[in-house]
Amino acid sequence: MRHLAPFTAGFTPLSLNANRFLVDPQHQLEIQTLLERFFAAPHEHQLLDKPEENRSVYLLQGAEHQWVLKFNRLTSWKKQLANFFGLKKSYGLYDLTNEMINLRSVTASDFRPHVGAYGYRTQFGCLLQDEYLLVKFFAGHCDVDERLQQAPEQAGVLLEQIFTLFSQMLEQGFCHMDPHPKNILIAPSGQLRLIDFECCAHRVFNPDFTLGFLHGYFYRYWFQRFIDKEHYHEISSAYLQRAHAELDLSIFSPVYLRFRDHKVSRRTRYSILTSEQAQSRFIQELQH
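Here the working numbering is used: the first residue of the sequence shown is 90, the next is one more, and so on.
Listed below in structure tokens is the structure:
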């Protein structure tokens, strides 16, 4: 687990319930108390999502803050080894070790949750079996999907705000690779924030390419439930003309249309957004 040292620098080590935790010293007393209570009676804590066989998400109520505790159990020994030794090929997969790395790599604190602690349990010395991630809970927020279920007439206005969020994200030098309405929160002030950073690119090789991915994928994955394709395209085009006058449409358009109109595998999404060579090959294939 030495590869995690740059991402947990300054954190305090803590052992709890056969797990090793690295804790933000700014909140150490509160976090330690909350974790001790959780392990003493995990089923008494509120679930924030429907639990899966090896994954669950809890809300922990502290004296000063609310926290989200995520748990994940790795079942593949190859994945357990990859995460323990920090093998590059494991990055981009959906796990909590990777989410912690992503959250600690992205410096845009207004966009993402604050990491309070990261924990893990190993077996046989080098197999990472259980992962924990504790992040601050965005109290009073709702996600875009919830808002539009209640007020579908707000789809057009919210879409422009989401496009602005995407542009701000690229200006900060990162790309959330799973942007959909459940991963975008609306604060009481109206500010938009991102959660679930398990899959994230820390560099933006070509903003026009990445913008094409974001605008296309966002419609295909979920937003088509709230707005038709023609209206979506009109809002996207108008926003780009206003906010990205220098946009290279020869790059943006084929990427946008590919992701808007077709399903693209997670593996492909990850490779083209984290590898400049893979990105170049992808755009060449689209142009032929």
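Beta carbons are placed, not taken as given, at the ideal position from N, Cα and C, and that holds for glycine.
- Sequence-distant partners of P343 (beyond 5 residues in either direction) whose C-beta falls short of 8 Å from its own C-beta, in its chain, are G301, I372, L375 and Q376.
- Counting only runs of at least 3 residues, the segment 138 to 164 fully encloses the following beta strand (DSSP E) elements, listed from N- to C-terminal order: 144 to 150 and 155 to 162.
- With a beta-carbon spacing of about 7 Å, L185 and Y221 fall inside the 8 Å limit used to define contacts.
- Shown here, P296 sits in a helix according to DSSP, grouped into three states.
- In the three-state reduction of the DSSP assignment, Q261 falls in the coil class.
- In summary, D138 is exposed, with fewer than 16 beta-carbon neighbours lying within 10 Å of its beta-carbon over all protein chains present.
- For the segment 309 to 376, the continuous alpha helix (DSSP H) assignments of 4+ residues that do not extend past its boundaries occur at 318 to 332, 338 to 350, 355 to 363 and 365 to 375, in sequence order.
- Relative to N187, the option among Y328, C289, Q368 and Y308 whose CA is nearest is C289.
- Per the coordinates, the alpha-carbon of K159 lies some 11 Å from the alpha-carbon of V204.
- In this structure, L281 sits near L254, with a CB-CB distance shorter than 7 Å.
- Following the DSSP letters along the chain, one finds N108 inside the beta strand (DSSP E) bounded by residues N108 to V112.
- In this structure, DSSP gives D232 an extended state, which the three-state scheme calls strand.
- I324 places its beta carbon less than 7 Å from that of G245.
- Looking at the backbone, the Cα of F110 and that of N143 are separated by about 19 Å.
- Check the Cα spacing between M258 and each of D113, F96, F173 and L283: the tightest is with L283.
- Sorting V224, T211, A367 and G229 by C-alpha distance to the C-alpha of L192 places V224 at the top.
- Assigned with DSSP and collapsed to three states, L118 falls in helix.
- Within the model, the alpha-carbon separation for R347 versus E249 is close to 21 Å.
- Its chain contains A367 as the residues whose beta carbon lies nearer than 7 Å to that of S360, once the 5 sequence neighbours on both sides are disregarded; these appear in chain order.
- Residues G208 and R210 of the same chain have their beta carbon placed closer than 6 Å to that of N108, with the five preceding and five following residues left out of the count.
- Measuring C-alpha to C-alpha distances from L105 to each of T122, H304, H116 and H322 identifies T122 as the nearest.
- In this structure the segment 228 to 242 does not lie against the segment 156 to 172, because fewer than three pairs of beta carbons, one per stretch, are closer than 8 Å.
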